[in-house]
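Peer 1: For reference, the structure I am asking about is given below.
Numbering (my numbering), first residue to last: 2 to 340.
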């Protein structure tokens, strides 16, 4: 019954999702020790400017408010992409809610962070990619998307690897199209060329981009998570595995468009983890990974034959999130004493 309500496509669903997101964020707004902004010692160019501005303002509430607005903006973009391009075969705000539930569990990243800017630009780039479907000449769409990803890399560099998603999408939807594959490189090249030129003219020295290519594995960060965080991650991983097996069973019965989208979700999910494992990125990439996860789990829950199990999994998502966000200190302390 609960799942049936939240999978709807009514204005009340969207309003309730916004209300729930604000409730989950209340704890961070009330935390005076949290500045609400990520302080990067070596920030990327665009984030460096923004960071200096907000640090000088010294207004934590504003930092947190803008971060919250970014989360809501991304959640709405995900719903818009799904509903406009029929990614899942039905209109729903459910992916937006699951996106919020997944990301809110990583409480250490509930602040103004460069990934929020980059992920928003990536979602807009995804809209450009989806608009290319069915077009005979789609070079402009792919160029615009690559330009947005290039711009996103000026906030958070490792987002540049999402150019691979442009290539994968081309291979899935437009196989044999060499022009689209090559045009995907032009956006980042143009963006960074303009930045290098501006940097050299301003500072009379070159910017060393090679320092940004760091390949220090970040997966060890999982062990530093709190017990409640680890339990939450484990729960969602188990749910994703269950969803994979369930969807695989009736994969052939899905229409071609949904099958193509499932492939893209899988590649985006995999690429996100590879970036964490093999670069200096950390768990802040949950914002990017949560995009395919929210769409994938929505498809799984809605297509479950047993509505009871769908409601159980959905309620568990809420309960685990509530426990992790509001009662993590009590639970972690209790488990530590038991050990």
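Beta carbons are placed, not taken as given, at the ideal position from N, Cα and C, and that holds for glycine.
Comparing C-alpha positions only, which one of 62, 326 and 150 sits nearest to residue 35?
Peer 2: Within the chain shown, the letter at position 34 stands for residue 35. Looking at the Cα atoms, 62 is the closest of the given residues.
Peer 1: Under 7 Å Cβ to Cβ from residue 45, same chain only, skipping five residues before and after it: list those, please.
Peer 2: The sequence position of residue 45 within the chain shown is 44, counting from 1. Closer than 7 Å at Cβ, skipping near neighbours: 115, 155, 156, 157 and 158.
Peer 1: Taking the CB atoms as reference points, tell me whether residue 25 and residue 99 lie closer together than 9 Å.
Peer 2: Numbered from 1 along the chain shown, position 24 holds the residue referred to as residue 25. Numbered from 1 along the chain shown, position 98 holds the residue referred to as residue 99. In this structure, residue 25 sits away from residue 99, with a CB-CB distance that is not shorter than 9 Å.
Peer 1: So what's residue 305 in DSSP terms, helix, strand or just coil?
Peer 2: By one-based count along the chain shown, residue 305 stands at place 304. Coil, per DSSP.
Peer 1: Relative to the alpha-carbon of residue 233, which residue among 251, 209, 28 and 329 has its alpha-carbon at the smallest distance?
Peer 2: Taking the chain shown and counting its residues from 1, one reaches residue 233 at position 232. If we check each option's Cα against that of residue 233, 329 comes out closest.
Peer 1: Check whether the stretch 275-288 and the stretch 84-91 touch, using three or more Cβ-Cβ pairs below 8 Å as the test.
Peer 2: no
Peer 1: Could I get the ranges of all uninterrupted alpha helix (DSSP H) runs contained in the stretch 265-309, with 4 residues as the minimum, in chain order?
Peer 2: 287-304
Peer 1: Can you give the Cα-Cα distance for residue 130 and residue 266, rounded to whole angstroms?
Peer 2: For the purposes of this step, residue 130 is taken as residue 129 along the chain shown, with counting starting at 1. For the purposes of this step, residue 266 is taken as residue 265 along the chain shown, with counting starting at 1. Straight-line Cα distance between these residues: approximately 14 Å.
Peer 1: As a quick exercise: from 160, 179 and 125, pick the residue whose alpha carbon is nearest that of residue 140.
Peer 2: For the purposes of this step, residue 140 is taken as residue 139 along the chain shown, with counting starting at 1. Here the closest residue by C-alpha is 179.
Peer 1: Comparing alpha-carbon positions, which option in 43, 9 and 64 lies nearest residue 33?
Peer 2: For the purposes of this step, residue 33 is taken as the residue at position 32 of the chain shown. If we check each option's Cα against that of residue 33, 64 comes out closest.
Peer 1: So the alpha helix (DSSP H) residue 2 belongs to, where does it begin and stop?
Peer 2: The residue labelled residue 2 in the question sits at position 1 within the chain shown. Per DSSP, residue 2 belongs to no alpha helix (DSSP H) and is neither H nor E.
Peer 1: Going by DSSP, which residues form a beta bridge with residue 66?
Peer 2: In the chain shown, residue 66 corresponds to position 65, counting from 1. According to DSSP, which records beta bridges pairwise, residue 66 is partnered with nothing at all.
Peer 1: Which residues does DSSP pair with residue 1 in a beta bridge?
Peer 2: With the chain represented from 2 up to 340, any question about residue 1 goes unanswered, as that position is not in the structure.
Peer 1: Would you give the residue range spanned by the alpha helix (DSSP H) that residue 145 belongs to?
Peer 2: What you label residue 145 is simply residue 144 of the chain shown in a count that begins at 1. For residue 145, the enclosing alpha helix (DSSP H) covers residues 140-153.
Peer 1: In whole angstroms, what is the alpha-carbon distance linking residue 171 and residue 31?
Peer 2: Counting from one through the chain shown, the residue named residue 171 turns up at place 170. Counting from one through the chain shown, the residue named residue 31 turns up at place 30. About 46 Å.
Peer 1: Of the residues 240, 163, 321 and 273, which one's Cα is nearest the Cα of residue 301?
Peer 2: As a working note, residue 301 is residue 300 in the chain shown. The option with the nearest alpha carbon to residue 301 is 240.
Peer 1: Under three-state DSSP, which class holds residue 206?
Peer 2: Along the chain shown, read from residue 1 onward, the residue named residue 206 stands at position 205. Annotated three-state conformation of residue 206 is coil, per DSSP.
Peer 1: Report all residues from its chain with a CB closer than 8 Å to the CB of residue 194; omit the five preceding and five following residues, and keep chain order.
Peer 2: Here residue 194 refers to the residue found at position 193 of the chain shown. Closer than 8 Å at Cβ, skipping near neighbours: no residue.
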